[in-house]
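Undergrad:
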Amino acid sequence: MAINTRIFAHRGASHYAPENTLPAFQLANEMGASGVELDVQLTKDNIPVIIHDENVRRTTNGVGFVQDYTYKDIKQLDAGSWYNERFANTTIPSLEEFLKWVQTTNMTINLELKTNVINYVHIEAIVNEMIEHFKLEDRTILSSFNPETIRNLSDMNSQIERAWLTQMRIRKVHLLLNDIGAQSIHIKTRLLSSNMLKRILQEEIPYRVYTVNRVKTLKRCEQLQADAIFTDLPDLLTKP
Ligand code: G3P
Ligand code: MG
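End of the sequence shown sits at 240 in the UniProt record's numbering; the numbers just go up one at a time, nothing left out.
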């Protein structure tokens, strides 16, 4: 039996506004997304900021690595013009700015901790503390491609849901999730037809699928009982 698979805006409504910026998150909320996914990295002075790449080059007018910028300096960058001049002077949001805003909505929040390339020491504790400060534990999911990050969150005895992110086929899904302390899994669309998905369904493990930008794939995810899909187009079902 099909369920109502929820729509999570991937990096905000990133098809319509610059990814991982407040305009993209606000638009996702206006479009009725159930949730929003965003990527978290740390500045040199350990401030969590929202940006997908480790390097600022692709999505701002700057150069160099996020971890080499202080928060004050990274805030000087323009994170909107690369997408469209209409968004000129949009800045990279801090996690704190985002959480202050998202508190005023009902959206589920998925923070992806980008520790698969750079080992941001203490990112787990910093993010965990901030979610607790804003009392958003009940509607937050923390995810990462890095199993060690999930394990660190789990060891912290975090009450927040933890999801492991993968694009690989693995055999004993539930054993791995138990071992690292994850309650759910986020999988790439190409794993939809895999034996791995069969095992996920058998074990009744909650799972979400990225990145789904076609109605046909969304329908398939619904048939396959996915809890949510990540999409760049949160209006996928209603747009003409
Ligand atoms: O969290 C789902 C998806 O965002 C993972 O891949 O590269 O878009 O962060 P990426
Ligand atoms: Mg992501």
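Note that the Cβ used here is the ideal one computed from N, Cα and C, for glycine as well.
1) What residue range does the alpha helix (DSSP H) around K198 cover?
2) Just tell me which of V36, E222 and N4 has its CA closest to the CA of residue 323.
3) Where do the N-terminal and C-terminal ends of the alpha helix (DSSP H) with F98 fall, by residue?
4) Taking the straight line between their C-alpha atoms, what separation do you get for P18 and K188?
5) Helix, strand or coil: how does DSSP classify V63 here?
6) Can you tell me where the beta strand (DSSP E) holding L177 begins and where it ends?
7) Pick out the complete beta strand (DSSP E) segments inside the segment 14-70, 3 residues or longer, and give them in chain order.
8) Under 6 Å: does the beta carbon of D39 sit that close to some heavy atom of the ligand MG?
9) Assess contact between the segment 150-164 and the segment 121-128, defined as three or more Cβ pairs (one per stretch) separated by less than 8 Å. Is contact present?
10) Which of the three DSSP states, helix, strand or coil, is assigned to V127?
TA: So, from the data block:
1) N195 to Q202
2) Not covered by the structure: residue 323. The range shown for the chain is 1 to 240.
3) L95 to V102
4) The C-alpha of P18 lies about 22 Å from the C-alpha of K188.
5) In the three-state reduction of the DSSP assignment, V63 falls in the coil class.
6) No beta strand (DSSP E) holds L177; the alpha helix (DSSP H) holding it covers V173 to I180.
7) 35-42 and 48-50
8) yes
9) yes
10) helix
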